[in-house]
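Here the sequence shown stands for residues 206 to 433, where the numbers follow this note's numbering.
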Amino acid sequence: MIRLIATIRTWVSTKVVILFVIALSAVVLAGILVRKNTEVLKDTFTILTKQDPETLRLRDLLANLTEAENNFRIYSITNNQSYLNLYNGLIAKVAISLDSLKQNALEDSAKLSRLDTVSILLAKRQEMIDAYLIYKSRREGFDFAEKTINQIRSGPLDTIPNSLRTSTRVVTVFDTIEPDPVMVADKSEEAQGIFRKLKKAFSRKQPEKVNTTHKPHSQGSAILSTTR
């Protein structure tokens, strides 16, 4: 009986130890897996958040371009030469960054083509700015006062004609001119001759009558107008 009890205790103890070892092994294995997963996640996060040199150059290039444009706008308003110097320095940095990116993109034709397009656009932009600076310097060197004085000296003093007030007076004279009796008689006889012909045409049986009486003619009026 005592042996049986001892055997049972030994079997139970052995079973407990085995279960404990299994549980402990599972815990250790789980800890190892968690640690490995943590390291993998950490490495992945580091890789994703890490910026390569090309990305850093592109970011610096865009920042320099923005700052250069702002400096040139300030120069165009204030005519402060220091802002123009800052602009030229930043454009030089942009050109260096582009050359470096082109060297790293020799094997990638698409990327190299995009970088060449950026270089062409920057060159055209610089040509426009140079033309603006030349025009600005010529405009500042032009002396408007001297130009005006030379025009006054070369031309007459009174270049603006004075408008003279002129007036016109119209005088109308009414005069009475008596008609010529001979001309009036001739016209009356001519009219009577026409009337006689008409009467003969419409009535041949009626005797021909001659009207010898003359109606007095009213005196005509003539208007003489003189203008001064």
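Glycine included, each C-beta is placed from N, C-alpha and C at the ideal position.
Remember, it's a predicted structure, so these values are computed and weren't measured experimentally.
Whole-number beta carbon distance between residue j and residue i, since they are thought to touch under 8 Å
| i | j | result |
| --- | --- | --- |
| Leu266 | Leu303 | 7 Å |
| Phe277 | Ile334 | 7 Å |
| Ala328 | Leu317 | So it is not a contact: roughly 16 Å between Cβ atoms. |
Enclosing alpha helix (DSSP H) for residue i [first to last residue]
| i | result |
| --- | --- |
| Leu311 | Note, Leu311: premise wrong, no alpha helix (DSSP H); not H, not E. |
Residue i classed as buried or exposed, judged by whether at least 16 other C-beta atoms fall within 10 angstroms
| i | result |
| --- | --- |
| Leu306 | buried |
| Asn284 | exposed |
| Tyr280 | buried |
| Val245 | exposed |
| Val221 | exposed |
| Val233 | exposed |
| Thr219 | exposed |
| Val299 | buried |
| Thr364 | Caution is warranted here: a pLDDT of 48 is assigned to Thr364, below 50, making its placement in the model unreliable, and the coordinate value is therefore given only provisionally. By the 10 Å Cβ count, Thr364 comes out exposed. |
Original post:
With a cut-off of 8 Å, do at least 3 Cβ pairs link the region 292-303 to the region 268-283?
Top reply: Yes: at least three Cβ pairs fall under 8 Å.
**OP:** Could I get the ranges of all uninterrupted alpha helix (DSSP H) runs contained in the region 257-290, with 4 residues as the minimum, in chain order?
**Re:** Listed in chain order, the alpha helix (DSSP H) elements of length 4 or more contained wholly in the region 257-290 are 258-283.
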